Amino acid sequence: MPITAIRGFNDILPAEALVWRRIEETAWRIFLTYGFSEIKLPVVEKTALFSRSIGEATDIVEKEMYTFSDRSNESLTLRPEGTASVVRAYIEHKLYVAPVTRLYYTGPMFRYERPQKGRYRQFYQMGAEVLGEESPMADAETISMLMSFFKAVGVIGARLNINSLGCSSCRPAYKDALRVFLKDRVSALCDNCQRRLEANPLRALDCKGVGCIEATADAPAIIESLCASCSTHFDGLKSSLNDAGVEYAVNPRMVRGLDYYTKTTFEITADTGLGSQNAVAAGGRYDGLVEELEGPKTPCFGFAVGVERLSLLLGKDVAVKTPINVFIALGHEPRSKGSELIRGLRDKGMVVIEEFSEGALKNRMKRADRLGASRVIILGEDELKEGVVTIKDMATAAQEKVRFEELADRLGAS
RNA sequence: GUGGGCGUAGCUCAACUGGUUAGAGCGCUGGACUGUGACUCCGGAGGCUGGGGGUUCGAGCCCCCUCGUCCACCCCA
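Under my numbering, think of the first position of the first sequence as 11, with each following residue one higher.
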């Protein structure tokens, strides 16, 4: 048996890579206009970075991380998400000396899960983080930027859901209230929700189990129990989104799986194309994380986009086609003259592929066609004597002879 | 980790309740056409039916194990 790629780790073949390139270029172009700069981060970090930031009791840390010991017995982990690394770098390089820092990153993330549609063990995220800004206007602006990006890249039917998870001063009280509420109907909850009733009762709000949906139908909503500061922030977010013309729905049942979120959380879902993993982007505010990782108290907001999921929403027809010229030389002399001509065309940015095989022209034409040639340039002994090449347009089958000096202009024009 | 579907040629798929030598389209290759692809016609190559074990006179088909893959649960981008 030949060696294959490992489960959940995929090759992105050229046709799809073209879609990805378009996604990334569009994102960078738009994010740049909002003042973001790129940061390149390592793919491996010390394990403690993730257990401390994401939360010891989360599914990601408990059972989904690729953790291993290196040769000096240090516990390392393939990053399951990007925010922790951004914050680590922010603190490590003292980037907080700037009033506000806006960073974007992209790259592979790793989670040990069973692969399914839109979910892989190595998957790619593009993320953006605003560090050092507490205004809800930053939340709204960043979400708005993301929606603009989706629109520009061609996503249709994306829906924005927002919620607030409160902060360290109002969430504990809400959790208690919710626990009390749920204890009366604990038997209706699924095993999972019963188990995490103490640690994380919020999860029950998000659960798809029928019993859990019924049991939590008239549960208290967290947005009703926000403290003054969180409540003001949430109102500010909504009015800023309204001002920006961004449509949204408040979903008080939306709960995130990472512990560091405070105040604003949001999720962008698409109804078709994603299977049951319908979130294509998500994020929120994490005002306590920098401090938790021993940096100065710094309010932050950020999001991540799943590139595979976004790609599923776009289809393959977004790729830009540049004409491909295939060069066929017939014989030794034409070949060396051909090298010179090809160099000249490439210097002008044209795509030229030389067809090197030595079979019959018929077969070489066939190969050229399969290479995706939009035009074939033929140089044989006859042409060489005349100082011309034959250009054949593969779509129309029209053929013409063009002098060497005019070749580049002729190809560039059509 | 749990549940279900599917593994047959490079690709997409056939093969009646188990029955001769496992087929087709596309692709590949050679020719018709020795300097012209894509169209047409004719020929050819290509399969330990994912792997292993079992039942049977006989297994692509039934049973067990295993691997892979897809979808779903859990959870998440």
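C-beta: ideal position from N, C-alpha, C; glycine also. Keep in mind that this is a model prediction, so the values were computed, not measured.
### Query
I think GLY312 touches GLY293, with their Cβ atoms under 8 Å apart; what is that distance to the nearest whole Å?
5 Å
### Distance between ILE22 and ILE232 (C-alpha atoms, nearest Å)
41 Å
### Task
Look up MET147 in the DSSP assignment and say whether it is helix, strand or coil.
helix
### Query
Candidates TYR106, LYS56 and ALA238: which alpha carbon is nearest SER178's?
ALA238
### Task
Count the C-beta pairs between the stretch 88 to 95 and the stretch 45 to 58 that are closer than 8 Å, then say yes if the count reaches three, no if not.
yes
### Query
Closest to ALA254 by CA distance: which of SER158, GLU365, GLU391 and CYS180 is it?
SER158
### Query
For the putative contact between LYS273 and ASP297, defined by C-beta atoms under 8 Å, what is the C-beta separation to the nearest angstrom?
7 Å
### Neighbourhood of VAL265 by C-beta, 7 Å cutoff - its chain only, sequence neighbours within 5 removed
LEU212, ARG213, LEU215 and ASP216
### Query
Near LYS402, which residues of its chain fall below 6 Å by C-beta distance, leaving aside the five closest residues on each side in sequence?
VAL386 and GLN409
### Query
Once you ignore the five residues that flank MET404 on each side, which residues in its own chain have a CB closer than 7 Å to its CB?
ASP379, ALA383, SER384, ARG385 and VAL386
### Three-state class that DSSP yields for TYR115 in the structure shown
strand
### PHE313 - DSSP class collapsed to helix/strand/coil
strand
### Message
Can you check which of these residues, ALA183, VAL29, GLU84 and LEU322, is closest to ALA289 by C-alpha distance?
### Response
LEU322
### Task
Whole angstroms is fine: what's the gap from ARG31's alpha carbon to PRO24's?
10 Å
### Message
With DSSP as the reference, identify every bridge partner of PHE78, one or two as the case may be.
### Response
LEU86
### Query
In its own chain, which residues sit with a C-beta less than 6 Å from the C-beta of LEU251, not counting the 5 before and 5 after it?
ALA150 and TYR258
### Query
In the DSSP assignment, what are the bridge partners of ALA259?
ASN171
### Task
Inspect the CB distances between the stretch 271 to 287 and the stretch 183 to 191 and report whether three or more fall short of 8 Å.
no
#### Entry: Residue from LYS376, LEU320, CYS240 and VAL362 whose Cα sits closest to the Cα of GLU34
LEU320
### Query
Out of curiosity, what's the CA-to-CA distance linking ARG181 and PRO306?
22 Å
### Query
What did DSSP end up calling ASP186 once you bin it into helix, strand or coil?
helix
### Task
Please work out which residues of its chain come closer than 7 Å, Cβ to Cβ, to LEU82, disregarding the five sequence neighbours upstream and downstream, and give them in chain order.
The question names Leu, but residue 82 is Ser in the sequence shown. Cβ neighbours of SER82 beyond the five flanking positions: none.
### Message
What would DSSP say about ILE334, mapped onto helix, strand or coil?
### Response
strand
### Message
Please state whether the Cβ-Cβ distance between MET136 and VAL315 is less than 8 Å.
### Response
yes
### Query
Relative to the alpha-carbon of ASN335, which residue among ARG377, GLY369, ARG124 and SER241 has its alpha-carbon at the smallest distance?
ARG377
### Query
Going by DSSP, which residues form a beta bridge with THR400?
ILE388 and LYS411
#### Entry: GLU55 and THR77 closer than 8 Å at C-beta
no
#### Entry: C-beta contact flag for VAL300 and THR332 at 8 Å
no
### Query
Between the stretch 104 to 123 and the stretch 139 to 146, are three or more C-beta pairs nearer than 8 Å?
yes
### Query
Starting from GLY293 and walking both ways along the beta strand (DSSP E), at which residues does that stretch end?
289 to 295
### Message
Please list the terminal residues of the continuous alpha helix (DSSP H) segment that includes ILE278.
### Response
ILE278 -> not in any alpha helix (DSSP H); beta strand (DSSP E) instead, spanning 272 to 280.
### Message
Distance check for GLU304 and LYS104, CA to CA, integer angstroms please.
### Response
12 Å
### Task
Identify, in the order they occur along the chain, each residue of the same chain with its Cβ nearer than 8 Å to the Cβ of GLN126, setting aside the five sequence neighbours on each side.
GLY285, SER286 and GLN287
### Message
Just to check my reading of the structure: LEU394 and LYS347 have Cβ atoms closer than 8 Å, yes? What is that Cβ distance to the nearest angstrom?
### Response
6 Å
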